[in-house]
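Structure first, then comments.
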Amino acid sequence: MVTCTALPTMKTLDISIAGEINLDLILYGLPEIMPVERELLGTDFQVTLGSSSAIFAHNLAVLGTHVGFVTLVGQDALGKIALERLGESGTDLSRVRVSKDGTATGVTLVLPHGTPRHILTYLGTMADMRLSDLDLDYLKSAKHFHLSSLFLQRALEPDLPALFKDLKNAGLTISLDTNDDPSGRWGGVLPELFEYVDVLLPNEAEACRMAKKETLDEALNELARHVPCVAVKCGSRGSVVRVGRETFTVSGVNVKALDTIGAGDSFNAGFLFGWLQGWPADQCAYAGNVTGALSTLRVGGTEAFRDRDLVQSFLSLHSFPGHGSKQ
């Protein structure tokens, strides 16, 4: 059995994250094709914690991991609310920076139309965080570093290869979830980052796009040449993990999904929860499938994890390791 093993070391944090934060404003019931100059009426509206980085941090902290989160927010109510929501999880926010130039905290408007959805984002401070905003000693106080939303962090992106190298030299392992590239180019510093990444966490479409391959098998073959552990999210079908020359296909958890927003970030939380403890790759993937499914039981990416009774009962029901009998 191949195991994804994190480096054992004495650290203050389990994982440090440098990433974006925003609120998701979710408006349900609108038509997929929307005429202009008409007042269109939705059927429901929710405000939840958004952004890949913050959703991941929140849900991983709820699982019991010691998480440190570094971000840049604006001097506005949306940023304050987002930080309050994230702080409820137990995530350490002591190194958060507040923008001094008047740039507002980013925001995302999500318009679900059944499974497909429109995602409209104002980047705001998401695109402004720079290397100088990061407390490097704080990031290095963790066993592991995670980065999400590579292509949204525009000011930080040019310095990421040097940052990753510095963190690796400090003994950290690194995971990366690029999320989508709005430009469609899948270039920039991404090829330079692969040599430092221990775990790559794309979804199926992202894996094919970044590898420039037509099928998932071809993409895994390409990505595995650069990254030791590639965990691919395949929605309700589950996940596929490539570790070296071995491939593990792990079936999804059958639930009646209410909302898939943040399910991929929640998968990341479960997978890395196990990976940081040295679990076998297939068990990490199963844990990710469980936490990904859990997130779909409430609107948004974190609302299910804010219900601690639901978290405990769901993890026990689905034999999440450490919560009832193991798979």
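Residues in the sequence shown are numbered from 0 upward in steps of one, following numbering that gives the first Met the number 0. All residues carry an ideal CB built from backbone N, CA and C; glycine is no exception.
One or two residues paired with residue i in a DSSP bridge
{"i": "I260", "result": "According to DSSP, I260 bridges with nothing at all."}
{"i": "F44", "result": "L26"}
{"i": "F304", "result": "Paired residue(s): none; F304 is not in a bridge."}
{"i": "S147", "result": "D176"}
{"i": "V198", "result": "S174, C228"}
{"i": "G183", "result": "Looking at the DSSP assignment, G183 forms no beta bridge with any residue, so it has no partner."}
{"i": "N168", "result": "N168 pairs with nothing; no bridge assigned."}
{"i": "N21", "result": "G49"}
Residue i vs residue j beta-carbon contact at 8 Å
{"i": "K142", "j": "L271", "result": "no"}
{"i": "A268", "j": "F68", "result": "no"}
{"i": "D127", "j": "L92", "result": "no"}
{"i": "A284", "j": "V252", "result": "no"}
{"i": "V298", "j": "L257", "result": "yes"}
{"i": "I25", "j": "P111", "result": "yes"}
{"i": "G300", "j": "T104", "result": "no"}
{"i": "A262", "j": "S294", "result": "yes"}
{"i": "V109", "j": "I14", "result": "no"}
{"i": "T107", "j": "G123", "result": "no"}
{"i": "L222", "j": "A210", "result": "yes"}
{"i": "L62", "j": "S140", "result": "no"}
{"i": "E31", "j": "S148", "result": "no"}
{"i": "N288", "j": "F304", "result": "no"}
{"i": "D60", "j": "S88", "result": "Sequence inspection shows Ala at residue 60; the Asp mentioned does not correspond to that position. Going by C-beta atoms, A60 is nearer than 8 Å to S88."}
{"i": "D281", "j": "V240", "result": "yes"}
{"i": "R129", "j": "L155", "result": "yes"}
{"i": "P160", "j": "E191", "result": "yes"}
{"i": "N178", "j": "S51", "result": "yes"}
{"i": "L82", "j": "V95", "result": "yes"}
{"i": "Y195", "j": "F150", "result": "no"}
Terminal residues of the beta strand (DSSP E) in which residue i lies
{"i": "A230", "result": "228–232"}
{"i": "I14", "result": "12–17"}
{"i": "R241", "result": "237–242"}
{"i": "F247", "result": "245–250"}
Alpha helix (DSSP H) segment containing residue i, residue limits
{"i": "V289", "result": "280–294"}
{"i": "L219", "result": "215–222"}
{"i": "D158", "result": "No alpha helix (DSSP H) holds D158; DSSP gives it neither H nor E."}
{"i": "R208", "result": "203–210"}
{"i": "L192", "result": "189–192"}
CB-CB length for residue i against residue j, believed under 8 Å
{"i": "S238", "j": "V229", "result": "10 Å between Cβ atoms; not a contact."}
{"i": "L22", "j": "G41", "result": "That pair is no contact at about 17 Å."}
{"i": "S174", "j": "V198", "result": "4 Å"}
{"i": "H57", "j": "L77", "result": "Not a contact, Cβ separation roughly 16 Å."}
{"i": "D165", "j": "L133", "result": "Wrong, their Cβ atoms sit about 10 Å apart, outside the cutoff."}
{"i": "L200", "j": "D176", "result": "4 Å"}
{"i": "V254", "j": "L296", "result": "6 Å"}
{"i": "A286", "j": "F319", "result": "6 Å"}
{"i": "F144", "j": "L171", "result": "5 Å"}
{"i": "L119", "j": "A17", "result": "Contact doesn't hold; Cβ gap of about 24 Å is too wide."}
Proximity test, residue i beta-carbon vs the ligand FMN heavy atom, cut-off 7 Å
{"i": "D75", "result": "This structure lacks the ligand FMN; in fact it carries no ligand of any kind."}
What are the complete alpha helix (DSSP H) segments, minimum 4 residues, inside the region 62–140?
-> Counting only unbroken stretches of 4 or more residues, the alpha helix (DSSP H) elements lying wholly within the region 62–140 are 76–86, 135–139, in sequence order.
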